[in-house]
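Number of protein chains: 2
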Amino acid sequence: MGRVKLQIKRIENTTNRQVTFSKRRNGLIKKAYELSVLCDVDVALIMFSPSGRLSLFSRNKSIEEILERYVNLPEHERGR
Amino acid sequence: MGRVKLQIKRIENTTNRQVTFSKRRNGLIKKAYELSVLCDVDVALIMFSPSGRLSLFSRNKSIEEILERYVNLPEHERGR
DNA sequence: CTTTCTATCTATAACCA
DNA sequence: TTGGTTATAGATAGAAA
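Those sequence lines, one after another, are chains X and R. Start counting the first sequence at 1; every next residue gets the next number (full-length UniProt numbering). Start counting the second sequence at 1; every next residue gets the next number (full-length UniProt numbering).
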């Protein structure tokens, strides 16, 4: 989307990569929020920015609670 | 988006909620994939469907590796 | 529970401030 | 960097299978 069709590959220009990260991270969090509300489900989102900084999303439950729910699944249900 | 503007609140009709989950889950995973490639970052996404089934996303590294990177952060960097 | 079609609503790339 | 603006590419609600 946007003025031009983007190829999905690493953005080499550092500034552009940072700007794109900031914008798309917000978009991704918004989508995760909407999904969690509309469908009333648990969603946990963990991201590390290009500089290594952490970004998180979860609603209702804490990230830790959701991770715990995941870790506590029987092993055969944990594969994708 | 779509034929009508949707209010962001729980979809009460079970069938519609399931259908919306299927569609938006795919959209969210696609966005997470694009962000991870474009910006070359780690993204981990954990979702539980309305029926309790697990959906995961991560690229390059396994979910476990990313969770580990998160858990190993100093506590003061783990808050949002 | 997944998927196709298509009219509409959204997200965002390139700019600009 | 850090946010707006705008033209377009992309996502998706509803209907139906």
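Note that beta-carbon positions come from the ideal geometry of N, C-alpha and C, so glycine has one too.
In this structure, the straight-line span from the alpha carbon of Arg25 (chain R) to that of Asn72 (chain X) is close to 22 Å. In this structure, the alpha-carbon of Lys30 (chain X) lies about 27 Å from that of Pro74 (chain R).
Proximity to Arg78 (chain X) across R:Leu35, R:Ser62, R:Arg78, R:Gly79 peaks at R:Ser62, based on C-alpha coordinates. The shortest CA-to-CA distance from Lys5 (chain R) to any of X:Thr15, X:Leu38, X:Ile11, X:Pro50 is the one to X:Leu38. Only exposed fits Ser51 (chain X), as fewer than 16 other CB atoms lie within 10 angstroms of its CB. For Gly2 (chain R), no CB of chain X lies under 8 Å from its own CB, so it is not counted at the interface with that chain. With a 10 Å radius around the Cβ and a threshold of 16 neighbouring Cβ atoms, Ile46 (chain R) comes out buried.
Under DSSP, Phe57 (chain X) takes part in a beta bridge, and its partners are X:Leu45. Beyond the five residues adjoining it in sequence on each side, Ile66 (chain X) comes within less than 8 Å, by CB distance, of Asp42, Val43, Ala44, Ser58 in the same chain, given in chain order.
Ranking R:Tyr70, R:Ser49, R:Ser55, R:Asp40 by CA distance to the CA of Asn13 (chain X) puts R:Asp40 first. Chain order gives no chain X residues near Ile29 (chain R), where near means a beta carbon separation below 9 Å; the closest approach is about 10 Å. Burial is judged here by how many other beta carbons sit within 10 angstroms of a residue's own beta carbon; Ser22 (chain X) has fewer than 16 and is exposed.
Counting only Cβ-Cβ distances below 7 Å, Lys9 (chain X) has contacts in chain R at Val37, in chain order. Per DSSP, Glu12 (chain X) is not a residue of any alpha helix (DSSP H), being assigned neither H nor E.
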